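Here's the structure, in structure tokens; my notes come after.
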Amino acid sequence: AKSEGDNFTGSLLIGHETTGTLSSAQYNTAVGLAALDALTTGDYNTAVGYNALSANTTGSYNTANGYEALKANTTGTVNTAIGYEALDANTTGTVNTAIGSGALTKNTTGNYNMAIGNYALQHNTTGDKNTAIGHYSDVGTTGDNNVTIGYNADVSSSSASNQIVIGQGATGQGNNYAVIGNSSITRLYAAQDAGATLYAAGLNLGNTAVTSTATELNIVDGGTSATTTTVVDADR
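Spelled out as structure tokens, the structure:
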């Protein structure tokens, strides 16, 4: 165990001998064999568990709780990893949050990612600003700005970007697209089917676009419910 002393203000390490050359490292806490054992100048780190933050040298403001959580981190800052091998491969990535076993486990330099759930965002390596909530949610590797919510919800490709996918097993349909529900969903309600106004620049029915220049959509309104919707030529 090591506590306080020169170049180690307000710090405590329990479970190993430090291998790094301490130089003004402050307010670090480590509990577990090889936890924070390479520390040199990093500040305000907390590591609990075998090999947690074991490669960290100058990274600061990191929290690792779990077996080999943030194990490879060297200079990355403001990361939070809770769970078995969470953010295990992260080296210089910053401001990542991983909660769950294997969450963001392959991330190396990706930044501003959040993964909640076992193996959420597990394959992300360099992608930035992704949010995945749910077990096995989002298996993208290098894409940015994706949001997936639900067990096994996934983007359309490993490099997908700016996709929103919501629902158990739902799959993204392309960059800049949003998907709500998996293939079993048959109806979509807005505001409990009352009082909501939906806005869209375009309308697509049965994979056929309805536009102001090509076609018009006639909707019958009155006391008797319409049983069909007719798409007619714009000139009629």
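Everything in the sequence shown is counted per the working numbering, starting at 114 for the first residue and increasing by one.
For each residue, glycine too, the CB sits at the ideal point set by N, CA and C.
These figures come from a predicted structure and were not determined experimentally.
- Taking the Cα positions, G230 is about 35 Å away from G319.
- In this structure, A283 lies near N295, with their beta-carbon atoms less than 8 Å apart.
- Closest in alpha carbon position to L146, among S167, S124, S214 and I298, is S167.
- In this chain, the beta strand (DSSP E) harbouring T142 covers T142 to V144.
- Closest in alpha carbon position to V278, among T153, S250, L316 and T255, is S250.
- D267 has T284 as its beta-bridge partners, per DSSP.
- In the three-state reduction of the DSSP assignment, Q276 falls in the coil class.
- Under DSSP, T321 takes part in a beta bridge, and its partners are L318.
- Residue environment analysis places N175 among the buried positions, since at least 16 neighbouring C-beta atoms fall within 10 angstroms of its C-beta.
- Exposed is the label assigned to N289, since fewer than 16 other Cβ atoms lie within 10 Å of its Cβ.
- One Cα belongs to A143, the other to Y312, and the distance between them is close to 53 Å.
- Rounded to the nearest whole angstrom, the C-alpha separation of L301 and Q286 is 17 Å.
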